[in-house]
Amino acid sequence: MVKVNSPKALEEIIQKKKKESGKEGTYISICGGTGCIASGGNGVLEAFQEVIADDPDVKLVRTGCHGFCERGPLVVIQPQGILYQKVKPGDAADIYEKTIKNGEIIKKHLYRDQKKQAYEKEADVPFYKFQKRIVFKMNGHIDPEKIDDYLAMDGYSALSKVLTSMKPDQIIDTVIKSGLRGRGGGGFPAGIKWKSTKAATGDKKYVLCNADEGDPGAFMDRSIMEGNPHSVIEGMLIGAYAIGSDEGYIYIRNEYPLAIKRLKVALEQAREYGFLGKNILGTDFSFDIKINRGGGAFVCGESTALMLSIEGKVGRPRTKYIHTADSGLWDKPTNLNNVETWANIPHIFNKGVDWFTSIGTGDVSEHPWGGSKGTKIFSLVGKVNNTGLVEVPFGITLRDIIFKIGGGIKNSKKGRKFKAVQTGGPSGGCIPEKHLDEPVDFDGLTKMGSMMGSGGMIVMDDHTCLVEVARYFVDFLKDESCGKCTPCREGLRRMSQILNRIVVGEGKEGDIELLEKLASAMEISSLCALGQTAAYPVLSTIKYFREEYERHIKDGYCDGKQCTELIRYNIDEDACTGCSICAKKCPTKAISGELKKTYRIDQSECVRCGVCFNVCNFNAVEILSGSEIKEKMGE
Amino acid sequence: MEIKLNGKKVKANEGEYILDVAQRENIYIPTLCDHPAVKPTGACRMCLVEAGVEGRKKKIVTSCAFHVKQGLEVNTDTPTIKEARKVVMDLLLARAPNSESLKEMAQKLDMETVSTFEPVENAGDCILCGLCTRVCDEVVGANAISFNSRGADMDVGGPLLDVPQDCIGCGACAYVCPTDCIGLKDDGEKRYLEKWDRELPLMKCRECGWPFMPAFQAIKFNESTKVPKDFFKLCPDCRN
Ligand SMILES: Cc1cc2nc3c(=O)[nH]c(=O)nc-3n(C[C@H](O)[C@H](O)[C@H](O)COP(=O)(O)O)c2cc1C
Ligand code: SF4
Ligand code: SF4
Ligand code: FES
């Protein structure tokens, strides 16, 4: 491969790759993200390879994640943008014959919404229609293992632009003016951080990428790295040039083999072209990136723990009274940003500050804290019809995300309703219905008692117990706390004990107040953000659902009918048609009765799994709790 | 430089921590994980104070690890601080119900000396301040003990909580332990460190026969201090 040793050479190669890419004609984009591979994507790819082998006019692109993993394997026919979902290898020949050769739509492969309406074009599917894909834009079009695909979409032109026409201070000023805030959790303005690191004294400076992505259920960073690794590399290059660094690290979770592989390929290809290494694009700027595999603990995502972990030490946070911008990795000035933060950088320089600040909320002309600009990728999961990765502009309402993109609450026909949405990962909070129409941005979510975090979004229906939700997250954090400081380690131990007794009906008077007392001590006195925010799941659920805590403690009543110790499944004799389906499905054979008459549950055998409730077509299975148990069952 | 400590202007030197200045000024700040022999780590969180440069909002910081700077204003006993320290102490008392020094400190904080929480099982009076591991690493250089696992399961001891084979038996850990929970016993022939389950033979003084020092310690100290080869053959008394 020839080295691209000048901006002009880059421009030429971009034009050349555009021509070679064949993207003017027909191409089939097949998702090669982890989700679609898991549902059989590789087989689909091979099948298509065979089918089009003799057709030079059709290209195949094995891309990164499209976000709608739940419907995978996904196949998109371009340039029309026809989306086929749940495609099997056996469908390839049919799709080629009908759709590609004859322009005929195959109805059975189309996505249908809850009302059974079918959609031909990916862009019209509600899941995609209400998104704004900037960081994810290329994901459906490029092969992440081919740098030429990235170049054909103007890759590395932002780097070229800053190297030839901007001074480091101008670059930093641009990032500050863009209002870009860190996507990894804290929401700290990226440009301000760069400025401090540039200003720090020292010849050697490091630029790091946080790809530890430890929040359960979050996978946006993985999808960026798997789908468009060069965008992260280009972002880091621009940051390194502005800050004055010649060495970078990507600290990535060891559980992400595909992302690691694609990053390695991308780094190698970028080196071959000379985008990494010495005298990049013929300038004095030199920079290279190493990959560091994570230590396997959630807390290693915290900035100081991450740096210690790269140094080969145990990842335990340290006090940050001396900022990492002054003394970070190996005590050198260090700038750490999240994957998604880095991936935004090339776009800001390609399209400009005005474009970027036109998206989002607030006014950042005075200060980057004045608003939230650009988009954020959320991992939408839980009790919604459409789950997956969604990239939305800041300012969109929770309702639009959940009901338009997410297609509303699952099983709403069976009466399930929205109850709360949990955002921000394990230290986030639960937001109730009354805030659904408020705009989603950094400060908005904080005001609602939650946070942006890395973008987790778990939708919960009325069959969710919020005390149980708090218990789940507290138990997660209790195990993941590094254990170094007292309030976090011991506070979480006590919170866990208290919550675990409340959910089994052994809560005591005063427990809620005790939780609140511990929470405020942990918030102000813990060493790192893990301990400082660990009580948010508890505080937010107490704030919005205090009565549910009280009913658990005083009446042994679980509103979400989820705490197994506090509920009983019961068959309403009047509603039961005697169809026997529940008896057939019960895993412990606790249900008996006579066909066409009525069925009963033997409480001593029932393990409260809820299968009977879910399978009954006549709503005859009811879940009782608290005094209802006595009233209806005389227990 | 000058800083303000509870409203009073006091002198402070570049490089000092807030705690250093407060101690010089005889202002009481409770500490458990701090020791002059090792670097501060900010683990126990007892030494919290409110601090900030004049005119800016004050933040809650650990005084053992926060460097003084010109114009810094520090309050060591606001209601918020007092309340937070009490919660932290209450949590620690449940780990070390037998520790006299902790009880004393609790009294100074104006609170009960018995935790409101039930004792932590198997904590053995250790409050996980990490002083033992830091002294062993930073001062002794043996690096024989460390923290194991994380979160609520964290514990301190040899690698994987086995007997620490690198322990030279110097007893520095037992000396600095704020709750006195390590248990160092010399029985004439042997030294035993109860918490680490480490037993070492004691070396006798060539002159008087006093079993004064574990042999490993003599070897280690010979290496690290460059004293004459025979230096540790004699006990401190006979050396003079
Ligand atoms: C316990 C804990 C875990 C964290 N995990 C991550 C993570 O997995 N990924 C990430 O980017 N940031 C994580 N962070 C935030 C980082 O400390 C840091 O703020 C971030 O990487 C900075 O980049 P940004 O400003 O671009 O967001 C975590 C923070 C804490 C306290
Ligand atoms: S707050 Fe928790 S995770 Fe952070 S240093 Fe303290 S114990 Fe460790
Ligand atoms: S044994 Fe003593 S010095 Fe070591 S961590 Fe426990 S309390 Fe601290
Ligand atoms: S003495 Fe400062 S945190 Fe322990």
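Chains as they are written, first to last, in the working numbering: chain A, 1 to 635; chain B, 1 to 240.
For every residue, glycine included, the Cβ atom is placed at its ideal position computed from N, Cα and C.
Taking the Cβ of Pro426(A) as the reference point, every heavy atom of ligand 3 lies at 7 Å or farther away. Just measuring C-alpha positions, the residue of Ile581(A), Asp572(A), Ser592(A), Ser604(A) sitting nearest Glu628(A) is Asp572(A). Minimum Cα-Cα distance from Glu247(A) among the listed residues Tyr111(A), His552(A), Ile238(A), Lys413(A) corresponds to Ile238(A). Against chain A, a Cβ distance below 7 Å from Met154(B) picks out Gly483, Arg489.
For Arg253(A), no CB of chain B lies under 8 Å from its own CB, so it is not counted at the interface with that chain. Residue pairing by DSSP places Asn148(B) opposite Asp155(B) in a beta bridge.
The shortest CA-to-CA distance from Pro126(A) to any of Asn386(A), Cys36(A), Ile252(A) is the one to Asn386(A). Against chain A, a Cβ distance below 9 Å from His67(B) picks out Tyr321, Ile322. With its beta carbon less than 8 Å from one in chain A, Thr80(B) belongs to the interface. When the beta-carbon positions are compared, Leu389(A) and Gly67(A) come within less than 8 Å of each other.
In the DSSP annotation of this structure, Ile405(A) is not part of any beta strand (DSSP E), being labelled neither H nor E. Less than 8 Å divides the Cβ of His347(A) from the Cβ of Ile134(A). With fewer than 16 neighbouring CB atoms inside 10 Å of its own CB, Arg56(B) falls in the exposed class. A distance criterion of 7 Å places the beta-carbon of Lys484(A) in contact range of ligand 2, judged by its closest non-hydrogen atom. In this structure, the CA atom of Val61(A) is about 16 Å from the CA atom of Phe136(A).
Within chain A, the residues whose beta carbon sits less than 7 Å from that of Val61(B) are Tyr321, listed in sequence order.
Burial is judged here by how many other beta carbons sit within 10 angstroms of a residue's own beta carbon; Glu122(A) has at least 16 and is buried. Close to chain B, meaning a Cβ-Cβ distance shorter than 8 Å, are the following residues of the region 287-299 of chain A: Ala297, Val299. Residue-level contact check: Arg191(B) does not touch chain A, since none of the beta carbons of chain A fall below 8 Å from its beta carbon. In this structure, the beta-carbon distance from Gly202(A) to Lys332(A) falls below 8 Å.
The beta carbon of Leu32(B) lies closer than 7 Å to those of Cys44, Met46, Ile127, Cys129, Pro178 in the same chain, with the five residues before and after it left out. Residue burial is scored here from C-beta neighbours: Asp90(B) has at least 16 other C-beta atoms within 10 angstroms and is therefore classed as buried. Neighbours of Leu161(B) in chain A, taken as residues at a C-beta separation under 7 Å, are lacking, since the least C-beta distance is about 14 Å. Secondary structure of Cys430(A) (DSSP, three-state): strand. In the DSSP annotation of this structure, the continuous segment of the alpha helix (DSSP H) that includes Ala521(A) starts and ends at 511-525.
Setting aside the 5 residues that flank it on each side, Lys177(A) is surrounded in the same chain by Val353, each with a C-beta closer than 6 Å to its C-beta; the list follows chain order.
If you draw a 10 Å sphere on the C-beta of Met448(A), you find 16 or more other C-beta atoms in it, and that means buried. Cβ neighbours of Lys195(A) within its own chain (closer than 6 Å, five residues either side excluded): Ile172.
Between Phe442(A) and Ser496(A), the C-beta gap is not smaller than 8 Å, which leaves the two residues out of contact. Straight-line spacing of the CA atoms in Gln532(A) and Thr486(A) works out to 12 Å.
Look at Val88(B): its C-beta is under 8 Å from a C-beta on chain A. Phe418(A) counts as buried, since no fewer than 16 other beta carbons sit within 10 angstroms of its beta carbon. Residue-level contact by beta carbon holds for Thr486(A) and chain B, with a gap shorter than 8 Å. According to the DSSP assignment, Met307(A) belongs to the alpha helix (DSSP H) that extends over 303-310.
Proximity of the beta carbon of Val314(A) to ligand 2 is not indicated: no heavy atom of the ligand is located closer than 7 Å.
DSSP, reduced to helix, strand and coil, places Thr174(A) within a helical segment of the structure shown.
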